[in-house]
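Numbered per numbering that gives the first Met the number 0, the sequence shown spans residues 0 to 285.
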Amino acid sequence: MLSPDHSGVEPGHVYFVATPIGNLGDFSPRGRDVLQQVDRILCEDTRQTDILCRSFDIHRPLVSFHAHNAYRRLQQISEWLEQGESLALVSDRGMPAVSDPGQELVGWLYEHKRSFSVIPGPSAQVTAFAGSGFPHPYVFWGFLPPPGKARHARIEEIGECSYTQILYEAPHHMDRTLKELAAVVGQDRPLVLGRELTKHFEEYWKGTIGILVAQNRDWKGEAVLVLGPRVSSEDRSEPDWNVLIDAVAELETQGHTTKEAIQLIASKHHISRRKLYNRVQKSRID
């Protein structure tokens, strides 16, 4: 049963407010109301949050709260709450404390028995998962660590995981990340790319890691990578090669090259392009 809206913010209370990931129309009325009423807004980047606030006629003091100053800010937050102030925490986009600053504050609030609320809303990982068509459960990794031992270890974990997996990646790291993933989980691993989510040029692309690497894109903007679950050898049945060979031939009659047709069919059925190519070639020799 849904609860009626209770307007107004509570003194000495912290609100974790989700903000749009790309489309201002996704900002909830409740989230907007909370930001208009709290005494201060803690934000990952005051410049980004200022743009959001000006778009919704929100005029509250903005205070930076990010990975580099979170623990130092906790003393100030304690004083503000003791004085009865209400606070909100937002990230640049999406849900705070999910691959963004906020986890430290949540832990501190539990430790000091302080009250808080989470105002739900947009989340890039949930949006991308919904658009992937892959089954749950899924594992969310957020951004990979920078180059080094931690990154290598994380990619090894991804390679060992059999579930659907979700990662965030910045454009200047995308090529490297895709190649590292291809080397560990295999080029034929199914993948969905979510890019510019909720924006005008939103894109969902489905294929394999190998095909995406081969596209050699000029990456712009952060993206979400959703890896499909690994199919175990026990679960992987032999495909009907005659049906797939006929499907390749049908695409060729539509104007696709043999290479393009094989890539499309292999991606659709999550099979090896090389195996399909060999089968097609053999069928045309016999």
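Using N, Cα and C, we set each Cβ at its ideal position, and we do this for glycine too.
For residue i, three-class secondary structure by DSSP
i: Gly-132; result: coil
i: Arg-272; result: helix
i: Ser-116; result: strand
i: Ile-57; result: coil
i: Gly-141; result: strand
i: Glu-233; result: Reliability fails at Glu-233, whose pLDDT of 48 lies under 50, so the model's placement of it is uncertain and the value that follows must be treated cautiously. Residue state, collapsed to three classes: coil.
i: Thr-256; result: coil
i: Pro-95; result: coil
i: Leu-23; result: helix
i: Lys-267; result: helix
i: Gly-30; result: helix
i: Glu-195; result: coil
i: Arg-283; result: helix
i: Asp-245; result: helix
i: Glu-9; result: coil
i: Asp-49; result: helix
i: Val-212; result: helix
i: Ala-169; result: coil
i: Ala-123; result: helix
i: Ala-66; result: coil
i: Leu-73; result: helix
i: Leu-1; result: coil
Run of the alpha helix (DSSP H) containing residue i, from where it starts to where it stops
i: Thr-176; result: 173-184
i: Gly-158; result: 148-159
i: Trp-218; result: Segment: none, Trp-218 is in no alpha helix (DSSP H) and carries neither H nor E.
i: Gly-106; result: 102-110
i: Gln-82; result: Neither: Gln-82 is in no alpha helix (DSSP H) and is coded neither H nor E.
Rounded separation between residue i and residue j - CA only
i: Val-16; j: Thr-48; result: 12 Å
i: Ser-232; j: Ser-77; result: Any answer about Ser-232 is weak, because its pLDDT of 49 lies below 50 and its placement is not dependable; what the coordinates show is given next. Computed Cα separation, rounded: 54 Å.
i: Gly-147; j: Leu-226; result: 22 Å
i: Ile-154; j: Ile-210; result: 19 Å
i: Glu-202; j: Leu-80; result: 43 Å
i: Glu-103; j: His-111; result: 12 Å
i: Ser-282; j: Lys-219; result: 42 Å
i: Ala-69; j: Asp-99; result: 11 Å
i: Leu-51; j: Thr-18; result: 9 Å
i: Ala-149; j: Glu-156; result: 11 Å
i: His-65; j: Ala-260; result: 48 Å
i: Leu-73; j: Gln-36; result: 21 Å
i: Phe-55; j: Arg-29; result: 12 Å
i: Gly-101; j: Ile-20; result: 17 Å
i: Tyr-14; j: Val-33; result: 8 Å
i: Gln-151; j: Val-138; result: Gln is not the amino acid found at residue 151; the sequence shown has His there. Answer to the nearest angstrom: the Cα atoms are 18 Å apart.
i: Pro-238; j: Val-8; result: 59 Å
i: Asp-217; j: Ile-244; result: 33 Å
i: Lys-258; j: Ala-265; result: 10 Å
i: Pro-336; j: Gln-82; result: Residue coverage of the chain in this structure runs from 0 to 285, which leaves residue 336 outside it and unanswerable.
i: Leu-23; j: Glu-195; result: 13 Å
i: Ala-222; j: Lys-198; result: 12 Å
For residue i, the residue or residues it bridges with in DSSP
i: Leu-226; result: Gln-164 and Leu-190
i: Val-16; result: Ile-118
i: Val-89; result: Cys-42
Unbroken beta strand (DSSP E) run spanning residue i, endpoints
i: Ser-63; result: 61-63
i: Glu-202; result: 202-207
Interface flag, residue i vs chain D, CB-CB below 8 Å
i: Ile-264; result: No chain D appears in this structure, which consists of one protein chain only.
| message | Using 8 Å as the cut-off, can you tell me whether the segment 116-135 makes contact with the segment 82-93, which would need three or more C-beta pairs spanning the two stretches below that distance? | response | yes
| query | Are the segment 243-259 and the segment 184-201 touching, with three or more C-beta to C-beta distances below 8 Å? | reply | no
| task | Could you tell me whether the segment 25-40 touches the segment 136-147, using the rule of 3 or more Cβ pairs below 8 Å? | result | no
| said: Below 8 Å, how does it come out for the segment 176-188 and the segment 238-252: are there three or more Cβ pairs, yes or no? | reply: no
| Given 8 Å, three or more beta-carbon pairs between the segment 48-60 and the segment 99-111 | no
| Counting Cβ pairs, one atom from each stretch, are 3 or more of them under 8 Å apart for the segment 155-170 and the segment 119-134? | yes
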